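>
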DNA sequence: TTTCAAAGAC
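In this note's numbering, the protein residues as written are 255 to 1124.
1. Three or more C-beta pairs under 8 Å: does that hold for the region 1084-1100 against the region 781-788?
2. Contact between the region 871-889 and the region 905-914 is defined here as three or more beta-carbon pairs at a separation below 8 Å; is this criterion met?
3. By how many angstroms is the C-alpha of residue 566 removed from the C-alpha of residue 1131?
4. Mind checking residue 1115: buried by the 16 CB within 10 Å criterion, or exposed?
5. Have a look at 714, 414, 467, 751 and flag the residue whose alpha-carbon is nearest the alpha-carbon of residue 722.
6. In chain order, what residues of the same chain have a beta carbon less than 6 Å from the beta carbon of residue 441, not counting five sequence neighbours either side?
7. Any heavy atom of the ligand ATP closer than 7 Å to the CB of residue 971?
8. Are residue 896 and residue 912 touching if we call contact CB-CB under 8 Å?
9. Identify the continuous alpha helix (DSSP H) that holds residue 505 and give its terminal residues.
10. Please name the residue, chosen from 839, 413, 972, 1021, that lies closest to residue 1087 on a Cα-to-Cα basis.
11. Determine the direct distance from the alpha carbon of residue 808 to that of residue 733, and round the result to whole angstroms.
12. Alpha carbons only, please: which of 919, 1100, 388, 416 is nearest the one belonging to residue 405?
13. If you pair each beta-carbon of the region 854-874 with each one of the region 827-838, do three or more pairs fall below 8 Å?
14. So, are the CB atoms of residue 347 and residue 322 less than 8 Å apart?
15. Identify which residue in 923, 652, 692 has its Cα closest to the Cα of residue 710.
16. Is residue 428 helix, strand or coil by DSSP?
17. Would you report the Cα separation of residue 457 and residue 532, rounded to the nearest angstrom?
18. From the DSSP output, in three-state form, read off residue 935 for me.
19. Where does residue 1121 sit, in a helix, a strand or coil, going by DSSP?
20. For residue 698 and residue 527, I'd like the C-alpha separation in whole angstroms.
21. Is DSSP giving residue 297 helix, strand or coil here?
22. Residue 1107 and residue 1081 - do their beta-carbons sit closer together than 8 Å?
23. Using the three-state DSSP reduction, which class does residue 621 fall into: helix, strand or coil?
24. Would you identify the three-state DSSP class for residue 584, choosing helix, strand or coil?
25. Could you give the C-beta distance for residue 496 and residue 529, rounded to a whole number, given that I count them as a contact under 8 Å?
26. When DSSP labels each residue in this structure, what does residue 534 get in the three-state scheme?
27. Would you say residue 572 and residue 605 are within 8 Å of each other, going by their C-beta atoms?
28. What is the residue span of the beta strand (DSSP E) that residue 599 lies within?
29. So residue 967 packs on residue 935, CB below 8 Å; how close in whole Å?
30. Using the Cα positions of residue 944 and residue 1084, report the straight-line distance between them to the nearest angstrom.
31. Would you report the Cα separation of residue 999 and residue 650, rounded to the nearest angstrom?
32. So, are the CB atoms of residue 633 and residue 661 less than 8 Å apart?
33. Comparing C-alpha positions only, which one of 787, 755, 1024, 788 sits nearest to residue 773?
34. Can you find the residues in the same chain that come closer than 8 Å, C-beta to C-beta, to residue 518, ignoring five residues on each side of it along the sequence?
35. According to DSSP, is residue 315 helix, strand or coil?
So this is what it looks like as structure tokens:
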């Protein structure tokens, strides 16, 4: 083995590459158990075989013919050897001649010739004794025909351990570890004693099958048999322990190993790297250098992977130099690893340079360069490379497919994603988990939840990634109930991890499912997941959206390394609760902490300003964003500004502002101005604005309702009637407005005019009583609001039964005195209910927290925290 | 010995 590595790494005239190229046995055999491949051992074995041939096959043949054939064999001339063999008479051929030709067939991997030799042997009636049988087995196995190899092997019942090893290692090589191990059992039954090669193979098989106990038992057996200091055996024991994550045991074995070879060192380095301690792997490599141990291609590859894992570009570059000096530059595996290292260290140029300079490329090279582009967010380029690769006849494998599907997911390329899905099905890759999971993610990210669910349901052995992906998919597509349902299904089969938490918490936030959120928080604390930034941030967001702003702040303060997203979550939390000034001071603190806002954090701060009516501050942020941060405002930013202007009564300014926008205003922008018109009773402008809206979204009921209310509030009843008729003719499709309240972990959902609830009568009685009190007291019912509401559209009747009112009344009736009533509504709160909320809070001495689709309303002592900004 | 899949803010 070490003969390949005579060179010192720094030698400029390194024959390493030369050796690697000319000694084809080396590279290909590195990971195989088969000992024939090792030059020295090969000779040993061959001489053994020849010995058997010479001693056991009878020589009653013409020496001349046999000598000729053997001569051809020695020269490697299979064609001539075959011709002579097939044209010779039976009596002219000796046993050793068949063996020589079979040997050559095996070397040349010519199964066809090998089979012909076999049939000649049969037709000549030659007795297949142990030696000839062994050669036949060797030929078949070496040519990849394990079935025939095994048939003959069993026929001759050979007790020579090397043949058993051959069979076992070949089965292990093709991944049939069970067959390999069953051979080992048969071998033991027959009383054939295993040698170091046998145990190396047995360990490899048990390790591959994940059989920890069996590996340890074999380890004990090995020690008993005295193989405890055999380097090859210890090397595979080290590898086995690493496979099970028992880093300490592996380390101890290595430390106690006297004759360490390069494989021992490589096993150590690679074991550390795959067990998540890349730094230790690098340290061991350095130790190797210090001690002057020769390294090889495998060493460099493992250390490069370590560099990629921890982003150590400078060491990666140094290793690049090492490799080139050692003439490994032409090794495709080296280049592939190098390419991936540059990419994972964030150096796309380096990766591209390696790729371009590569003489020979493989599917791994293509996949790595595609993944490099995906990593940098250059999805279209990645897809372009994918197409280019295919046009060059390189067929994508599961790795390529998983990468490209991911690119499709990130760039919303549903059509391309579907095309790749077709390729996956056609090529039977659908059962590969990373591929299937990537597909689920792609469909979900492209907003196609049904197809995501379909692919998910077809995965037979779903893993944690599959579950997290589908739960996250539902969360992101605003289907929180489905996400929570899947979360509970998942718990029946798997233990959720930190990523599950980050996937499911937004669903709790979406539903304002405080009890569920608290339960998950408990789980997070028990498992120590709070240290994960994603989890912590999702938790802050969840509490803010469930109305516990103080707790959100407390948790936010506990995050040691706050990033842009956590700051933004907190700013948005303050904003939706109407704490504009706190949002601003948080924004300032963020910048002091050295974190610069992006367009999302500007959206959060502008929203906060608009929910608190902070007009001047809003403008300041807007200008700062445009002029100093150099971020081009998007629709959501413009919407905040229109909101601020129009609420403050600057309606014509707002109109001009919209007209001056460099991007096309959407319905949300115009809708915001229409709301402003309603607040300030500007009928004329409202009509003008509504025209835009009816054109942009003719099926959206909300804008008809808003305009109708503008008319109603101006007491233009004729116009109201006309609009109602217009509405009546249209058939609107929409989700119904509903409100819900969580009591005792159970959701109570109310829709407008709901009379089917078990407590409907009690609720109705309470609301009637309160309405009467309102009319008699300070609260003159704002009838104008009640004239028409979006919720009334479905029922067609105006009634005192809006969902949020029902939910608030239910909360008061069912929650203990003093407990805050938390209600969530999927649309904006109606004015009538808003008044009722204030009144309820005073008469029942309760705090009522109502979250509508826009923000929080905290009703307390007859007042609302929104101060009219909603 | 190399290539792949899941999470947080607006």
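Backbone N, C-alpha and C fix where the C-beta goes; we use that ideal spot for every residue, glycine too.
Fair warning: this is a prediction, and the values are worked out from it, not measured in the lab.
If we stick to the structure as given:
1. Too few Cβ pairs lie closer than 8 Å, so no.
2. Result no; under three Cβ-Cβ pairs closer than 8 Å.
3. The structure shown does not extend to residue 1131, since the chain spans only 255 to 1124, so no value can be given for it.
4. Flag for residue 1115 reads exposed.
5. Each of 714, 414, 467, 751 was checked against the Cα of residue 722, and the nearest Cα belongs to 751.
6. Result list for residue 441: 418, in chain order.
7. Ligands in the displayed structure: none, and consequently the ligand ATP is not present.
8. Judged by their CB atoms, residue 896 and residue 912 are nearer to each other than the 8 Å cut-off.
9. Judged by DSSP secondary structure, residue 505 falls within the alpha helix (DSSP H) whose first and last residues are 501-510.
10. The shortest C-alpha separation from residue 1087 is found at 1021.
11. CA-to-CA, the gap between residue 733 and residue 808 works out to about 28 Å.
12. Taking residue 405 as reference, the option from 919, 1100, 388, 416 with the minimal CA-CA separation is 388.
13. Judged by Cβ distances under 8 Å, the region 854-874 makes contact with the region 827-838, as three or more pairs qualify.
14. No, Cβ-Cβ distance for residue 347 and residue 322 is not below 8 Å.
15. It is 692.
16. Coil, per DSSP.
17. Taking the straight line from one Cα to the other gives about 24 Å.
18. Residue 935 sits in coil when the DSSP states are folded into three classes, being neither helix nor strand.
19. Here DSSP, grouped into helix, strand and coil, assigns residue 1121 to coil.
20. Residue 698 and residue 527: Cα-Cα distance of roughly 33 Å.
21. Its pLDDT being 34, under 50, residue 297 is placed unreliably by the model, and nothing is read from it.
22. Residue 1081 places its beta carbon less than 8 Å from that of residue 1107.
23. In the structure shown, residue 621 sits in a helix (DSSP, three-state: H, G or I).
24. In this structure, residue 584 counts as coil in the three-state DSSP scheme.
25. Taking the Cβ atoms as the reference, residue 496 lies roughly 6 Å from residue 529, within the contact range of under 8 Å.
26. Secondary structure at residue 534: helix, using DSSP grouped into helix, strand and coil.
27. Between residue 572 and residue 605, the C-beta spacing is not below 8 Å.
28. Looking at the DSSP string, residue 599 is not in any beta strand (DSSP E), and its letter there is neither H nor E.
29. About 6 Å separates the beta carbon of residue 967 from that of residue 935, a gap short enough to meet the 8 Å contact definition.
30. Between residue 944 and residue 1084, the alpha-carbon positions lie close to 20 Å from each other.
31. Between residue 999 and residue 650, the C-alpha separation is close to 49 Å.
32. A Cβ-Cβ contact shorter than 8 Å links residue 633 with residue 661.
33. From the listed residues 787, 755, 1024, 788, the smallest Cα separation to residue 773 is found for 755.
34. 485, 488, 489, 492, 508, 511.
35. The pLDDT assigned to residue 315 is 45, lower than 50, so where the model puts this residue is not dependable; a value taken from the coordinates is nonetheless given after this. In this structure, residue 315 counts as coil in the three-state DSSP scheme.
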